[in-house]
Amino acid sequence: MNYQELFEQIKKKKSFLCVGLDSDSKKIPAHLLTTEDPVFEFNKAIVDATAAYTVAYKPNIAFYECLGAKGWISLEKTVNYIKKNYSDVFLIADAKRGDIGNTSKMYASAFLENMPFDSITVAPYMGEDSVTPFLEYDNKWVILLALTSNKGAFDLQFFEQNKQRLFERVLEKSQEWGTKENMMYVVGATKAEMLGDIRKLAPDHFLLVPGVGAQGGSLQEVAKYGMNNACGLLVNSSRGIIFADISERFAEVAGEKAKELQEEMEQLLKEKSLL
Numbered sequence: 001m002n003y004q005e006l007f008e009q010i011k012k013k014k015s016f017l018c019v020g021l022d023s024d025s026k027k028i029p030a031h032l033l034t035t036e037d038p039v040f041e042f043n044k045a046i047v048d049a050t051a052a053y054t055v056a057y058k059p060n061i062a063f064y065e066c067l068g069a070k071g072w073i074s075l076e077k078t079v080n081y082i083k084k085n086y087s088d089v090f091l092i093a094d095a096k097r098g099d100i101g102n103t104s105k106m107y108a109s110a111f112l113e114n115m116p117f118d119s120i121t122v123a124p125y126m127g128e129d130s131v132t133p134f135l136e137y138d139n140k141w142v143i144l145l146a147l148t149s150n151k152g153a154f155d156l157q158f159f160e161q162n163k164q165r166l167f168e169r170v171l172e173k174s175q176e177w178g179t180k181e182n183m184m185y186v187v188g189a190t191k192a193e194m195l196g197d198i199r200k201l202a203p204d205h206f207l208l209v210p211g212v213g214a215q216g217g218s219l220q221e222v223a224k225y226g227m228n229n230a231c232g233l234l235v236n237s238s239r240g241i242i243f244a245d246i247s248e249r250f251a252e253v254a255g256e257k258a259k260e261l262q263e264e265m266e267q268l269l270k271e272k273s274l275l
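This is the structure we're talking about:
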């Protein structure tokens, strides 16, 4: 999926919602635990209930890796199910990889070649040669960590030298490696006021914005500071949707929560004259 195709999906669904499949096996509704693959059955139900309202899904790989081989099987079944049944959805591997060149090549092959992900989150700390192997695939995306929403972001990301903060250096330098057509940035919603500064350095790139919902980020603030003329936003909600209810109605409630966000996003897109 290229830049324009992603924008067209946003306009078609009147949504820039990304649903995070942080499928914690300890929180899955009890009635699914007797099935052969509870994680997959949970994901399948969530996807079916929310697909009309979302343009992207983002499995957090840690929730699958922690289960060993069976977790990888659940992940592979999930992504194959999404691509088979909802081929217009943008699929993000939230893996936060980034290592020396040869290792990054293997990570890139794992997620962008052997599984049908459209993109992968990548940590930039080791620099260009750790990122560029992920950029070698046509119509695939790197989503580079820039400014995160966790408390520890202040430990390093705001370090300043010569009047430039580290996250600003990441934004500036990385645009020598990729373009708006194959690179996005992770920017936490709880730092929405910083999106204005980020847009000065990366006005046209898409931003993946986690932290709306359970983490307290404001969708209105994110849109105010971060939306551009192609929307330029994928706003993620995980727990606020997938674990909004843990009864047998969990999927129905997830769909309701996703629809609420989609309707809010539709209004914000209209205010920006993008619909």
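Using the numbering used here, the letters of the sequence shown map in sequence onto residues 1 to 275. Note that the Cβ used here is the ideal one computed from N, Cα and C, for glycine as well. For clarity, every value in this text was computed on a predicted model and none was experimentally measured.
Residue closest to residue i, alpha-carbon to alpha-carbon, out of the options
{"i": "E264", "options": "K13, F243 and V131", "result": "K13"}
{"i": "K96", "options": "L195, N114 and Y125", "result": "Y125"}
{"i": "N85", "options": "A69, M106 and A51", "result": "A51"}
Supposed contact pair residue j and residue i - C-beta distance, whole angstroms, cut 8 Å
{"i": "M184", "j": "L208", "result": "6 Å"}
{"i": "L144", "j": "Q157", "result": "With a Cβ gap of about 12 Å, L144 and Q157 do not count as contacting."}
{"i": "A49", "j": "A251", "result": "4 Å"}
{"i": "V212", "j": "S247", "result": "The Cβ separation is near 24 Å, so there is no contact."}
Cβ shell of residue i (< 7 Å), same chain only, five flanking positions each side left out
{"i": "S82", "result": "Rather than Ser, the amino acid found at residue 82 in this sequence is Ile. Answer for I82: V47, Y57, V89 and L91, listed in chain order."}
{"i": "N43", "result": "L21, S23 and T78"}
{"i": "T132", "result": "W177"}
{"i": "G98", "result": "S104, V122, A123, P124, Y125, M126, S130 and V131"}
{"i": "K27", "result": "F243 and I246"}
Rounded straight-line distance, which links the Cα of residue j to that of residue i
{"i": "T78", "j": "D94", "result": "14 Å"}
{"i": "V142", "j": "K257", "result": "28 Å"}
{"i": "A254", "j": "T121", "result": "25 Å"}
{"i": "L32", "j": "R249", "result": "12 Å"}
{"i": "K272", "j": "G232", "result": "12 Å"}
{"i": "Y64", "j": "F40", "result": "10 Å"}
{"i": "N150", "j": "V187", "result": "11 Å"}
{"i": "E5", "j": "A230", "result": "11 Å"}
{"i": "A199", "j": "S87", "result": "Looking at the sequence itself, residue 199 is Arg, so the reference to Ala does not match. Rounded to the nearest angstrom, the two C-alpha atoms are 30 Å apart."}
{"i": "Q161", "j": "K270", "result": "40 Å"}
Residues near residue i by beta carbon distance below 6 Å, same chain, minus five either side
{"i": "L135", "result": "V142, G178 and N182"}
{"i": "D204", "result": "K180"}
{"i": "S119", "result": "I92, W141 and I143"}
{"i": "D155", "result": "none"}
Sequence-distant residues of its chain with Cβ nearer than 8 Å to residue i (five each side left out)
{"i": "E193", "result": "E221 and Y225"}
>> Just to confirm the assignment: which complete beta strand (DSSP E) runs, minimum length 3, are found wholly within the region 49-98?
In response: 56-59 and 90-97
> Enumerated in chain order, which unbroken segments of the alpha helix (DSSP H) with a length of 4 residues or greater are wholly contained in the region 148-227?
Replying inline: 153-156, 166-174, 195-201 and 219-226
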